[in-house]
Amino acid sequence: MQEGFYRDTWVEVNLDAISQNVSAMKKLIGEQTKIIAVVKANAYGHGAIQVAHAALESGASMLAVAFLDEAIQLRQAGFDCPILVMGATRAQDVHVAVSYGITLTIFSLDWAKEASQYVDQGDVLLHVKVDTGMGRLGVTGVDELQAILEFAQEHEHFHIEGIFTHFATADETNSPYYLKQLAKFQEVIADVPKGNLLIHCANSAAGLKDKASLYNAVRQGISMYGLTPSVEMKKELPFELHEAFSLKTKLVHVKQLKKGDKVSYGATYEAEENEWIGTLPIGYADGWLRKLQDSEVLIEGKRMQLVGRICMDQCMVKLPYELPVGTNVTLIGRQGNEVISSDEVAERLETINYEVPCTISSRVPRIFFKKQRIIEKANPLLLKRPGKV
1 MQEGFYRDTW
11 VEVNLDAISQ
21 NVSAMKKLIG
31 EQTKIIAVVK
41 ANAYGHGAIQ
51 VAHAALESGA
61 SMLAVAFLDE
71 AIQLRQAGFD
81 CPILVMGATR
91 AQDVHVAVSY
101 GITLTIFSLD
111 WAKEASQYVD
121 QGDVLLHVKV
131 DTGMGRLGVT
141 GVDELQAILE
151 FAQEHEHFHI
161 EGIFTHFATA
171 DETNSPYYLK
181 QLAKFQEVIA
191 DVPKGNLLIH
201 CANSAAGLKD
211 KASLYNAVRQ
221 GISMYGLTPS
231 VEMKKELPFE
241 LHEAFSLKTK
251 LVHVKQLKKG
261 DKVSYGATYE
271 AEENEWIGTL
281 PIGYADGWLR
291 KLQDSEVLIE
301 GKRMQLVGRI
311 CMDQCMVKLP
321 YELPVGTNVT
331 LIGRQGNEVI
341 SSDEVAERLE
351 TINYEVPCTI
361 SSRVPRIFFK
371 KQRIIEKANP
381 LLLKRPGKV
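Going by UniProt numbering, the sequence shown opens with residue 1, and the numbers climb by one from there.
Shown next as structure tokens:
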């Protein structure tokens, strides 16, 4: 469909939407509070490098990822801003982080002791993770935190730059558990000399609704992509979110079935009359999962139903009449006055909206738009990326 791509299925990422969401969050939290743009998991399936550029240009001052590999990818792409790895990094790989100037998460004294054996030069930049109730990584109390801070002071290569935690229920309304976690975090860091430390516990949900959780930085993840942290929060948003992700394809084949003809594996769909059926080149290997059987897509600005089981690479749609091959089809996004949001797809999948763009696989090319112009096309399956157009 585009030069450099050889299939008629693609994702469109609206970088202006990313910019609007970051700018709105920056305005909400104030100039003194930093935004840490979370671009882990290839920016939730949107494209880490392109989203990172848009976020930094719009007010973010730092990036966050899950793993060291993701941080290295950003460094190799030319990003020189602070980058935080929020997940666990092997102690023996600390020297790699040092060489790239990447900030790691320190989450136990044992990890600190082991990591100290693998560095004899350079600065190990660290944020301490406090577990206030997620049950994942992190120290669980004042004594553990103090032990890590003292250990770091005794080792010239260790530099503690921040302290953070993560909430389990910030996206729920009136959550006592959220308040319990916040109170525990406040208690654990109460006697820590703050100095120039970056203190952050607010994710998108907390940043959108509770100034008490802000401290001096907010990690903006799901809201940066224009998606609400939870269904419950939709009525409480302080500003409009703009969804950046659209998924599109085209009709590649159109045929008329006779009454009684079957469609797809298991022959689960049977034509009740003579019907027009279109074939779409997208399937569960692309992240358009089998559970989306019988869901709807947009064609000519109208909702039309998928029929039969979704295959690995293809699925079928019932058409009201014969339509030409090459007709555009929207699976997620707007077409005319109709919209199919990631929230709607998530509801059909009985999951959360986070999972929807993350599930769309790397074999689906991404096209990046800014001011309604294509600025880049990325296809991970090609050895050489076509680049800017």
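All C-beta atoms in this analysis are idealised placements derived from N, C-alpha and C, irrespective of residue type, glycine included.
- Taking C-alpha positions only, residue 348 is separated from residue 301 by approximately 20 Å.
- As the crow flies, the alpha-carbon of residue 234 is around 21 Å from that of residue 16.
- Annotation for residue 269: 262, 263, 307 and 308 place their beta carbon closer than 7 Å to its own, counting only its chain and skipping 5 residues before and after.
- For residue 59, no alpha helix (DSSP H) run applies, since DSSP gives it neither H nor E.
- Each residue's CA atom was taken as its position, placing residue 74 and residue 83 some 8 Å apart.
- A contact is defined here as three or more CB-CB pairs under 8 Å, and the stretch 46-53 fails this definition with respect to the stretch 200-213.
- Residue 157 and residue 119 do touch by the CB rule: their CB atoms are close to 5 Å apart, below 8 Å.
- Taking each of 373, 355 and 304 in turn and checking the Cα distance to residue 339, the smallest one comes out for 304.
- Within the stretch 94-167, the runs of alpha helix (DSSP H) that reach at least 4 residues and sit entirely inside it are, in chain order, 94-100, 109-115 and 142-154.
- Check the Cα spacing between residue 181 and each of 328, 280, 214 and 134: the tightest is with 134.
- Take the alpha-carbon of residue 322 and the one of residue 258: they are about 14 Å apart.
- With a minimum length of 3 residues, the unbroken runs of beta strand (DSSP E) contained wholly in the stretch 287-361 fall at 296-299, 302-307, 315-319, 328-335 and 338-340.
- Distance from the Cα of residue 249 is smallest, within the candidate group 70, 149, 297 and 98, for 297.
- Rounded to whole angstroms, the separation of the alpha carbons of residue 325 and residue 71 is 42 Å.
- Membership of residue 19 in the alpha helix (DSSP H) is indicated by the continuous run 15-29.
- The Cβ-Cβ distance between residue 241 and residue 21 falls below 8 Å.
- Apart from sequence neighbours up to five positions away, the residues of its chain that approach residue 165 with a beta-carbon distance below 6 Å are 130, 132, 185 and 201, ordered along the chain.
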